[in-house]
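*Asks:* Next up is a structure, given as structure tokens.
Printed below as a string of structure tokens:
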């Protein structure tokens, strides 16, 4: 009895990500390559709504910003700002243009100005 209950619980927990639908509503855009050879991967979890409710940056987005010269705190702040912009929901081209504009801004506090 206990073994069956444990097996059911483990199976349910393993299946949970499939029911969450995170991949279904994620936006992935690859930016342009920079002198470091790195690419900024704009990737946001949107949730099942068009409204900005659960919108958060995926870790690949923050990690790619760190790889091109942002410190972690700034990378996370930039990613949060881009992902929570209601005008960019369902707008992959807008995500790309916004990230290019932020990256080109000399005051964006990168450690390296590529």
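In mature numbering (1 follows the signal peptide of the UniProt record, and there is no 0), the protein residues as written are -20 to -1, 1 to 94.
From the three backbone atoms N, C-alpha and C, an ideal C-beta is built for every residue, glycine too.
The structure presented is a predicted model; accordingly, all values stated were derived computationally and were not measured.
Relative to the alpha-carbon of residue 33, which residue among 75, 59, 46, 63 has its alpha-carbon at the smallest distance?
*Replies:* It is 63.
*Asks:* For residue 28, which beta-bridge partners are listed by DSSP?
*Replies:* Looking at the DSSP assignment, residue 28 forms no beta bridge with any residue, so it has no partner.
*Asks:* Between which two residues does the alpha helix (DSSP H) containing residue 74 stretch?
*Replies:* Where residue 74 is concerned, the enclosing alpha helix (DSSP H) stretches over 72 to 84.
*Asks:* DSSP beta-bridge partners for residue 36?
*Replies:* DSSP, once it has assigned bridges, lists 25 as partnering residue 36.
*Asks:* Buried or exposed: where does residue 61 fall if 16 or more other Cβ atoms within 10 Å of its Cβ makes it buried?
*Replies:* Classification for residue 61: exposed.
*Asks:* Taking its Cβ as the centre, do 16 or more other Cβ atoms sit within 10 Å of residue 52, making it buried, or is it exposed?
*Replies:* Answer is exposed; the Cβ neighbour count stays below 16.
*Asks:* Closest to residue 86 by C-alpha separation, out of 37, 46, 19, 50, would be which residue?
*Replies:* When only C-alpha atoms are compared, the closest one is 50.
*Asks:* Kindly indicate the opening and closing residues of the alpha helix (DSSP H) around residue 69.
*Replies:* That residue, residue 69, is in no alpha helix (DSSP H); it is neither H nor E in DSSP.
*Asks:* Give the range of the alpha helix (DSSP H) segment to which residue 89 is assigned.
*Replies:* Element bounds for residue 89: n/a, residue is neither H nor E.
*Asks:* Identify the continuous alpha helix (DSSP H) that holds residue 62 and give its terminal residues.
*Replies:* 52 to 63 is the extent of the alpha helix (DSSP H) around residue 62.
*Asks:* When burial is assigned at 16 or more other CB atoms within 10 Å of the CB, is residue 23 buried or exposed?
*Replies:* Buried is the call here.
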